[in-house]
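Single-structure report; data block below.
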Amino acid sequence: MHRKEDQTPAREDKKDRRNNLVIPYVAGVSEKLRRVFSKHNIPVYFRPSNTLRQKLVHPKDKTLKHKLNNVVYAVQCSEECPDLYIGETKQPLHKCMAQHRRATSTGQDSAVHLHLKDKGHSFEDANVHILDREDRWFERGVKEAIYVHCEQPSLNRGGGLRHQLSAIYNPVLRSLPRCLNAHAYPGPS
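As numbered in this note's numbering, residues 1 to 189 make up the sequence shown, in order.
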C-alpha cells in the first residue's frame, strides 16, 4: 500500500511540470510569440538560427564546378555564337565536357562535337554552366527535359532526351520563365 502512495506524487509532479518551448529567434516575431505564450504560462527560449560557427567553420572545401557530378548543365558555344546545348550527366562535369570536345569511337558524335567540328568553333569551360543538381537518375532526366522544353536550345537534337515530357505539362511549362535559373548562366535572351 505504501508503494502505491509513493508513486502517486511522482505522477502529479510530472503533470505540474511545464514544458519549455525552444524556437529559432526571428527579430520582431519572437518577442510577440513570447508574450502570447507567457499568457498561457509556457516559457519560451530562443536559439539563434545561424550561429557564428555555422557561418565560419566549413570542414570540407567546396567541390570545384568541373568536378561536380549528377548535374544538368548548359553549354554555350562561345561569346560570339549563341548556340546552346543542355544535357545531364552522372559523371564529373569535366569528363562529360571532354567527351563533347572529341569524336567518339562509336561514330555517334555528340551534337556539341558536330557543331564544333562543322563551324570550327570551340567552347571554354567558362561557357559551361550548371543549371541544377540531382543525384537521382530519373529526376535528373525530368529536370533536363524541363530545361530543354523551356530554353529550346539550338544544339539539342529533337527527341534525343532520355525522358519525354507529356503534353499535359505544356500549359504549366509555358508559364515558366524562359531561363529557369537566370543567375546560373547568361543564356540567350
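Every residue, glycine too, gets a C-beta built ideally from N, C-alpha and C.
Given the structure is predicted, the values throughout are model-derived calculations rather than measurements.
*For Cys-77 versus His-115, is the C-beta distance shorter than 9 Å?*
yes
_Straight-line gap, Arg-140 to Ile-146 (C-alpha atoms, nearest Å)_ = Roughly 10 Å separates the two Cα atoms.
*Buried or exposed: Tyr-169, going by 16 or more other Cβ atoms within 10 Å of its Cβ?*
exposed
*Below 8 Å CB to CB, which residues in the same chain sit around Val-142 once its five sequence neighbours on both sides are set aside?*
His-163 and Leu-165
*Could you tell me if Glu-124 is buried or exposed, where buried requires 16 or more neighbouring beta carbons within 10 angstroms of its beta carbon?*
exposed
*With Arg-203 as the anchor, note down where its beta strand (DSSP E) starts and where it stops.*
Residue 203 cannot be examined here, being either before or after the span of the chain that is shown, 1 to 189.
*Where His-149 and Thr-63 are concerned, what is the direct C-alpha to C-alpha distance, given to the nearest angstrom?*
29 Å
*asked:* Tell me the residue span of the alpha helix (DSSP H) that contains Pro-171.
replied: 170 to 175
*Just grab the DSSP bridge partners of Thr-89 for me.*
Val-71
_Expected contact under 8 Å - CB spacing of Tyr-73 and Leu-131 to nearest Å_ = 6 Å between Cβ atoms; contact.
*Secondary structure at Asp-132, three-state DSSP: helix, strand or coil?*
strand
*Who does Val-22 pair with in a DSSP beta bridge?*
Tyr-45
*asked:* Using only CA atoms, which one of Arg-47, Lys-117, Leu-52 and Asn-41 lies nearest to Ala-27?
replied: The residue with the shortest Cα to Cα distance from Ala-27 is Arg-47.
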